[in-house]
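In my numbering, the protein residues as written are 5 to 257.
Cβ atoms here follow ideal geometry from the backbone N, Cα and C, with glycine treated the same way.
These figures come from a predicted structure and were not determined experimentally.
Quick notes on the structure that follows.
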Ligand code: PEP
């Protein structure tokens with residue numbers, strides 16, 4: 005049985021006061037008996053505050069990106085050990101905005117994934133095809149290539165300590181969601197690729213869906229057998245929406 009997860013990627017949104025209001029509304033909305041993991045990913049400057057604020061509670065904290073290097077002359081960058089030091093437990097690597105806007109290619113994403121694992125944090129590996137790739141029926145080969153870059157560098161066993169998020173790029177921030185059946189097909193494909201190398205790791209691997217998940221569509225998506233929760237962007241900025249998504253995950257499978 006895989007424990008569902010709901011992860012809220014705040015992207016470049018928030019302020020001290022807005023974060024405080026959002027987190028306190030969220031804490032009030034979540035039920036302690038819900039058998040799910042809930043993680044928020046604030047911008048780096050707010051990570052330490054959020055981790056302190058949430059310490060000992062139900063919500064965990066993660067970072068949206070990381071430097072692949074361990075430390076040194078890399079102006080503007082933040083290492084995995086620094087993220088751990090301020091209380092992060094999870095780190096997103098390979099988000100499509102990083103891949104598209106900041107040229108994080110498969111090789112760099114694989115190095116970031118390895119850097120996160122090295123310090124004992126949990127990477128959340130984002131993969132997904134663009135609209136052009138989707139329309140050209142290349143989804144399976146694109147996600148396989150993105151996954152393989154990581155398994156080649158870190159080994160399939162590394163997925164015992166990792167989470168995968170399938171995020172079709174055409175569904176992120178567009179209001180256009182993959183259908184539950186589309187998401188299920190890709191998730192099942194990813195799980196079978198991992199299972200070909202290690203069936204036990206595949207069985208336990210949590211694969212989240214991301215791309216315009218909202219309170220109104222979460223239950224249908226999460227009812228799919230290989231969808232283990234969601235990586236949520238826009239809707240994670242509303243305590244109400246995010247709480248509805250968490251409620252859907254709590255009863256999903
Ligand atoms: C995301 O940022 O990873 C994402 C899925 O965004 P949204 O939910 O807004 O589509």
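Taking just the CA atoms, how far does residue j sit from residue i?
{"i": "residue 33", "j": "residue 245", "result": "10 Å"}
{"i": "residue 36", "j": "residue 59", "result": "15 Å"}
{"i": "residue 69", "j": "residue 191", "result": "23 Å"}
{"i": "residue 197", "j": "residue 148", "result": "8 Å"}
{"i": "residue 188", "j": "residue 228", "result": "6 Å"}
{"i": "residue 54", "j": "residue 61", "result": "11 Å"}
{"i": "residue 161", "j": "residue 114", "result": "14 Å"}
{"i": "residue 268", "j": "residue 78", "result": "Coverage of the chain is limited to positions 5 through 257, which leaves residue 268 absent and any answer about it impossible."}
{"i": "residue 212", "j": "residue 75", "result": "30 Å"}
With 16 other CB atoms within 10 Å as the buried threshold, where does residue i fall?
{"i": "residue 136", "result": "exposed"}
{"i": "residue 141", "result": "exposed"}
{"i": "residue 107", "result": "exposed"}
{"i": "residue 265", "result": "For residue 265 there is no data in the structure shown, the boundaries of the chain being 5 and 257."}
{"i": "residue 28", "result": "exposed"}
{"i": "residue 236", "result": "buried"}
{"i": "residue 152", "result": "exposed"}
{"i": "residue 109", "result": "exposed"}
{"i": "residue 8", "result": "buried"}
Might you give, ordered along the chain, the residues of its own chain that have their beta carbon closer than 6 Å to the beta carbon of residue i, omitting 5 neighbours on each side?
{"i": "residue 174", "result": "135, 138"}
Kindly list the residues whose CB is nearer than 7 Å to the CB of residue i, restricted to its own chain and excluding five residues on each side of it in sequence; keep chain order.
{"i": "residue 172", "result": "132, 133, 138, 182, 215"}
{"i": "residue 57", "result": "27"}
{"i": "residue 125", "result": "84, 87, 88, 92, 93, 94, 95"}
What are the partner residues of residue i, as DSSP defines its beta bridges?
{"i": "residue 214", "result": "235"}
{"i": "residue 41", "result": "9"}
{"i": "residue 170", "result": "131, 213"}
{"i": "residue 126", "result": "94"}
Got a sec? Which residues, its chain only, sit under 8 Å from residue i by beta carbon, not counting five neighbours each side?
{"i": "residue 144", "result": "190, 193"}
{"i": "residue 51", "result": "65, 67, 87, 90, 91, 92"}
{"i": "residue 208", "result": "6, 164"}
**Request:** May I have a chain-ordered list of the beta strand (DSSP E) segments no shorter than 3 residues that lie completely inside the stretch 54–97?
**Result:** 63–67, 94–97
**Request:** Go through the stretch 148–210 residue by residue and report every complete run of the alpha helix (DSSP H) that reaches 4 residues or more, in order.
**Result:** 184–199, 203–208
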